[in-house]
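Same order as they appear, the protein sequences are chains A and B.
Take the first sequence: its position 223, counting from 1, is numbered 223 in our numbering, and each next residue is one higher.
Whatever position you read off the second sequence (first residue = 1), add 574 for our numbering.
Data block below; observations after.
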Amino acid sequence: MVLKVFFPSCCSSAESGILVGRWLSEQNSAVILAVVHFPFIPVQVKQYLSEVQRVTKVSLSVLGSWSNSKQETEENLSKFLEDLGTIFSHEPWIQISKEGNSKFWSCSTLQKHSNNPKEEEVILIYYDQRKVMLSHLHPPLDTATSTDHDASKLSAIFHTVAKSKILFMTDRYDDGPIKLTHWQSDGVEASIIVELMKQASVPACTHLATVMLSFLQYVCIFGVLKFWPLSFLWSKLSTCEQLGHRLQHLQVISSNKKAQTQTQFMRKANIFVSLLIDVALGILLMSWLYRKNRIGHLADTLIPVADHVAEELQDLLQWLMGAPAGLKMNRALDQVLGRFFLYHIHLWISYIHLMSPFIEMILWYVGLSACLGLTVALCILSDIIALLTFHIYCFYVYGARLYCLKIYGLSSLWRLFRGKKWNVLRQRVDSCSYDLDQLFIGTLLFTILLFLLPTTALYYLVFTLLRLLVVIVQGLIHLLVDLIDSLPLYSILLRLCRSYRLAAGVKFRVLEQQDGKPLRLLMQINPLSYGSVVQTYRLPTYSCYPKDSWTSLCKKLFLGELIYPWKHKGEKQD
Amino acid sequence: MASLPHMVVQAQLECCVQLIVIAELCVCLAVLQNSMVLSAAIFITLIGLIIYLHFVKIDQESLLVIGSLGLQLTASYASGKESTTFIEMGRVKDVVINEAIHMQKVIYYLCILLQDPGDPQGISEVVPLFQSSKPRLDCLIEVYRSCQEILQQRKTAPQSNGIK
């Protein structure tokens, strides 16, 4: 089999020494982590490696020798390096040598105990140690459930480098007995800002936690929310759902436990960045609203708009009471329904006018809650729309109930007309023999209902369309809120700026070759695509979209059943 | 040798020439008529063209087979973007030429069969290659022969110690 040697590109210019790393026998590959320089005492090297192995649980060993000869003639060094192979017994003993500044290295292996004296082919694969150490491999979905035996070979390599962090802690300037070269051998680099942020984040989190706990205690005092009227209102207003959702997020962030796995850490980071951006956008919106008395302007235009809507509805009803679209309606029923709805609108307008002096103050205080986040502001907008169009909702319910009643009555009487009956026990249609007077009255009622159907159906149609319009507007706002809630902003930023941290896989590039020398490849990290980033790290939201297909929706509309456009997870189905 | 030569199937077009022609057209139109709607339409067309070149138009597709590591598929777009997929050798079952009946003709395409981890005889996925360049059968046969040479080596290679 071909021997694969993973060599860190940072060690290309290192002085001669021995190679330290991990040998993966099932893949016939050697992952080199560092180069130990002369002079060293073999016993100390072995001791150091066993200590590191104990901490990291990765089996490290001395894999071979590395000779970087700047001059042309260094014959005795090669004999010395071969003798080292007897001290650190490792099968196979890898010897890599680089002459001068040549790009092409020669790599040979020494097999003492093998029966097959055939010269093995070697492939040299260069990798960027720091990037591989920091990267997190995302396996493709179908191999995510594979067992350890079939575990990806690449993930073994990533795992080896990532777990050996402690090996990279000692640098060249330490006074220890071992001098290593790896990616951090020139000293640990750190940025002051990053260090300060790390130091500041712990007390910040604890402060947040205490604030959160006190707030929660305050809210729990209002256990009165459990009682019927308030809890009903709480479940109907989407603002409260959104606030509860955000509170949950705060709980997740301010927990003192450190994130164990990569996924947990990413989730915490995503929630934190999402909250931050939300609050920032909310404060921006608030500052825009409160400038130049925009709230006052808004309150001033709200009443005329509500009046205008009510007037339009009145015109519509007058049209329906006449001969709408040339259709001839039943005069009496038309007048009754029309007057009933007109009176309703009159009540609504009086209510709005009653509220008008307080509107500006209410809006002013409600606008303050935009500082809790843009999503809360959008939810409040959606709730205001729902409250302002409450009369349309009422009309829809009246029209739908009337129509539904009519349809059920018609279908039942139609069955009577044909001499059949609905058997509730057996859930099927059975034949039934009716008396003469039952048949007479049934047929009479059937005719009455049938001839009144167009009028009711028209009212139902008009109000359903209006209601659907309002539902679409509210739905769009909720879609936007969901988008802001579930977008993993931290992951997207990470993919943009440090794309090697989220790896979908690797890619190889074939470097220049020379005859007789081993094949050289460069291994680079293949970052995850934006689509898979969003899919993997999406934050779960509280709303579930209607599971009804279009056909069932049309069926409901035809039968006059009330449509509830969206349900939240945790609500009981009606 | 352990690695297969870089098999490259090219389908090149002069995209820069296209861009220059369109730019010239825009300049002429803008000079002749100073209309907002026209400039907006031209702007949208340019944006659409850039999106097309960056996401849709594939200039070059290549397949790199390394016997002990795996297969790598690279597609390079007209805007210079390259998208790479690497499939480890352990997941590859075989490389075959499939026939498909499309409308009135039979088309041939090369594809990689991936192993199903649960079932040693089963196939979990079929990855078609060279979907934009669509080379003809004689070209595919050459690629197929070279791939099979390397895949055969992997099956007849001596087992190393320590394998389960």
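Even glycine gets a Cβ: it sits at the ideal position worked out from N, Cα and C.
For residue i, collect the residues of the same chain with a Cβ closer than 7 Å to its Cβ; drop the 5 residues on either side in sequence, then sort them by chain order.
{"i": "Ile477/A", "result": "Leu378, Leu381, Ser382"}
{"i": "Leu281/A", "result": "Leu374"}
{"i": "Trp348/A", "result": "Ala310, His391"}
{"i": "Val639/B", "result": "Leu578, Leu645, Cys721, Ile724"}
{"i": "Pro298/A", "result": "The question names Pro, but residue 298/A is Leu in the sequence shown. Around Leu298/A: Leu363."}
{"i": "Ile157/A", "result": "Phe6, Val31"}
Which same chain residues end up closer than 6 Å to residue i when comparing Cβ atoms and leaving out the 5 residues on each side of it in sequence?
{"i": "Met286/A", "result": "Ala370, Cys371"}
{"i": "Cys432/A", "result": "Lys421"}
{"i": "Tyr126/A", "result": "Phe7, Ser9, Leu522"}
{"i": "Lys165/A", "result": "none"}
{"i": "Ile484/A", "result": "Thr375"}
{"i": "Met133/A", "result": "Val161, Ala162"}
{"i": "Met329/A", "result": "Thr455"}
{"i": "Tyr434/A", "result": "none"}
Assuming the contact rule is C-beta atoms closer than 8 Å, residue i and residue j should be a hit. Round their C-beta distance to whole Å, please.
{"i": "Phe104/A", "j": "Val62/A", "result": "Contact flag wrong, Cβ pair sits at about 25 Å."}
{"i": "Ile625/B", "j": "Ala649/B", "result": "The Cβ separation is near 17 Å, so there is no contact."}
{"i": "Ile407/A", "j": "Leu557/A", "result": "Not confirmed; about 11 Å, so no contact."}
{"i": "Gly442/A", "j": "Leu466/A", "result": "About 35 Å; that fails the 8 Å criterion."}
{"i": "Ile352/A", "j": "Ala306/A", "result": "5 Å"}
{"i": "Glu15/A", "j": "Asn68/A", "result": "6 Å"}
{"i": "Ile303/A", "j": "Ile359/A", "result": "7 Å"}
{"i": "Lys268/A", "j": "Val252/A", "result": "6 Å"}
Report the three-state DSSP secondary structure of residue i (helix, strand or coil).
{"i": "Asp148/A", "result": "Caution applies to Asp148/A, whose pLDDT of 46 falls short of 50 and renders its modelled position unreliable; the model cannot decide the point."}
{"i": "Val630/B", "result": "coil"}
{"i": "Phe40/A", "result": "coil"}
{"i": "Pro357/A", "result": "helix"}
{"i": "Ala674/B", "result": "strand"}
{"i": "Ala649/B", "result": "strand"}
{"i": "Thr455/A", "result": "helix"}
{"i": "Phe88/A", "result": "coil"}
{"i": "Tyr434/A", "result": "coil"}
{"i": "Tyr542/A", "result": "coil"}
{"i": "Asn330/A", "result": "coil"}
{"i": "Leu298/A", "result": "helix"}
{"i": "Ser411/A", "result": "helix"}
{"i": "Glu512/A", "result": "coil"}
{"i": "Val583/B", "result": "The pLDDT assigned to Val583/B is 38, lower than 50, so where the model puts this residue is not dependable, and the model offers no usable value."}
{"i": "Pro518/A", "result": "coil"}
{"i": "Arg130/A", "result": "helix"}
{"i": "Lys98/A", "result": "strand"}
{"i": "Ile640/B", "result": "strand"}
{"i": "Asp668/B", "result": "strand"}
{"i": "Val746/B", "result": "Residue 746/B lies beyond the range of chain B shown here (575 to 738); nothing can be said about it."}
{"i": "Val424/A", "result": "coil"}
{"i": "Leu110/A", "result": "strand"}
{"i": "Val598/B", "result": "The displayed chain sequence assigns Glu, not Val, to residue 598/B. Of the three classes helix, strand and coil, the one that applies to Glu598/B here is helix, per DSSP."}
{"i": "Ile715/B", "result": "helix"}
{"i": "Ile686/B", "result": "strand"}
{"i": "Glu635/B", "result": "strand"}
Regarding residue i and the ligand FMN, is the C-beta to nearest heavy atom distance less than 8 Å?
{"i": "His37/A", "result": "The ligand FMN is absent from the structure shown, which contains no ligands of any kind."}
Who does residue i pair with in a DSSP beta bridge?
{"i": "Lys507/A", "result": "Gln524/A"}
{"i": "Ile661/B", "result": "Leu645/B"}
{"i": "Gly21/A", "result": "Ile32/A, Ser61/A"}
{"i": "Leu6/A", "result": "First, the residue type needs correcting, since residue 6/A is Phe and not Leu in the sequence shown. Answer is Val31/A, Ile125/A, bridged to Phe6/A."}
{"i": "Pro691/B", "result": "None; Pro691/B has no bridge partner."}
{"i": "His136/A", "result": "Leu502/A"}
{"i": "Ile681/B", "result": "Ala674/B"}
{"i": "Leu180/A", "result": "Val36/A"}
{"i": "Trp66/A", "result": "Gly17/A, Ile96/A"}
{"i": "Glu656/B", "result": "Ser650/B"}
With a CB to CB cut of under 8 Å and the five nearest residues on each side skipped, what residues in its chain are close to residue i?
{"i": "His149/A", "result": "With a pLDDT of 45 at His149/A, under the threshold of 50, the modelled position of this residue cannot be trusted; read the value that follows with caution. So the list is empty, once near-sequence residues are dropped."}
{"i": "Leu410/A", "result": "Phe446, Leu449, Leu450, Leu453"}
{"i": "His138/A", "result": "Leu502, Ala503, Ala504, Leu528, Ser532, Thr536"}
{"i": "Ser155/A", "result": "Leu137, Pro139"}
{"i": "Gln514/A", "result": "Phe104"}
Does the stretch 270–288 of chain A come close enough to the stretch 310–319 of chain A that 3 or more CB-CB pairs lie under 8 Å? no
Pair every Cβ in the stretch 253–263 of chain A with every Cβ in the stretch 491–500 of chain A, then say whether three or more of these pairs are closer than 8 Å. The stretch 253–263 of chain A makes no contact with the stretch 491–500 of chain A; the number of CB pairs closer than 8 Å stays below 3.
For the stretch 522–534 of chain A and the stretch 503–512 of chain A, state whether three or more C-beta atom pairs, one from each stretch, are separated by less than 8 Å. yes
Are the stretch 452–466 of chain A and the stretch 332–345 of chain A touching, with three or more C-beta to C-beta distances below 8 Å? The stretch 452–466 of chain A, when compared against the stretch 332–345 of chain A, does touch it at the 8 Å Cβ threshold.
Do three or more CB pairs link the stretch 662–674 of chain B to the stretch 687–694 of chain B at distances below 8 Å? The stretch 662–674 of chain B vs the stretch 687–694 of chain B: in contact.
Does the contact criterion of 3 or more C-beta pairs under 8 Å hold for the stretch 651–660 of chain B versus the stretch 673–685 of chain B? no
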